[in-house]
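To convert, take the position in the sequence shown, counting from 1, and add 40; that gives my numbering. By construction, the Cβ of each residue, glycine as well, lies at the ideal position given by its N, Cα and C atoms.
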Amino acid sequence: MYKFILLAFYLSFLFFTACSTDDKTTQSNQTIPLTQDSITTSSSDNSQDSVQNTSDPELLYARCASCHGKDGKSVAPGSVGNVLIASLNKKQVIESLKGFRARTLSRGGNSVIMYMQTKHLSDADIEALATYIDAF
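Structure below.
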């Protein structure tokens, strides 16, 4: 019983901390410019989350790095198949991100994290991220 409680505690700790950023100061003090092309509005969703920050791939990838690593060579927690995004080509990255955005792709129990991360990505953002990741 003790081992089960310890395992449950460890897994919950991993789940809640796996996708947090390592450098909290960079995240909170960073100014993210807005461009007219990056603002997306939806008649059904007027929340603040409907504004996409920028198509700058480095800024966009900063959110990815907490789970996938700064060089794309870390397996995301809970993913199936141990796929490293650094091993994907541009076309595969685009297909995957669009699949997660549409919620038609599932790669394990934590796919919901990818659904939320890609929810407000524009096609231009996905293209920029794919080009950036393909360069790894």
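Given residue i as reference, the closest of the options once Cα atoms are compared
i: R153; options: G121, I173, F140; result: Residue identity differs from the one stated: residue 153 is Ile in this sequence, not Arg. Per the Cα distances, F140.
i: Q157; options: A175, L100, S95; result: L100
i: S127; options: A164, E135, K113; result: K113
i: D96; options: F176, I166, A175, D174; result: I166
Residues bridged to residue i (per DSSP)
i: S119; result: G148
Alpha-carbon spacing of residue i relative to residue j, whole angstroms
i: V120; j: L145; result: 12 Å
i: T66; j: R147; result: Only weak support is given to the placement of T66: the predicted model assigns it a pLDDT of 38, under 50, and the question is left unresolved by the model.
i: S136; j: K110; result: 19 Å
i: K159; j: S151; result: 12 Å
i: F176; j: L161; result: 21 Å
i: S106; j: M41; result: 33 Å
i: K138; j: H108; result: 17 Å
i: A142; j: Y155; result: 8 Å
i: C104; j: G149; result: 17 Å
i: A168; j: V115; result: 21 Å
i: P117; j: I125; result: 13 Å
i: Y172; j: E98; result: 8 Å
Whole-number beta carbon distance between residue j and residue i, since they are thought to touch under 8 Å
i: K130; j: A170; result: 5 Å
i: D174; j: V133; result: 7 Å
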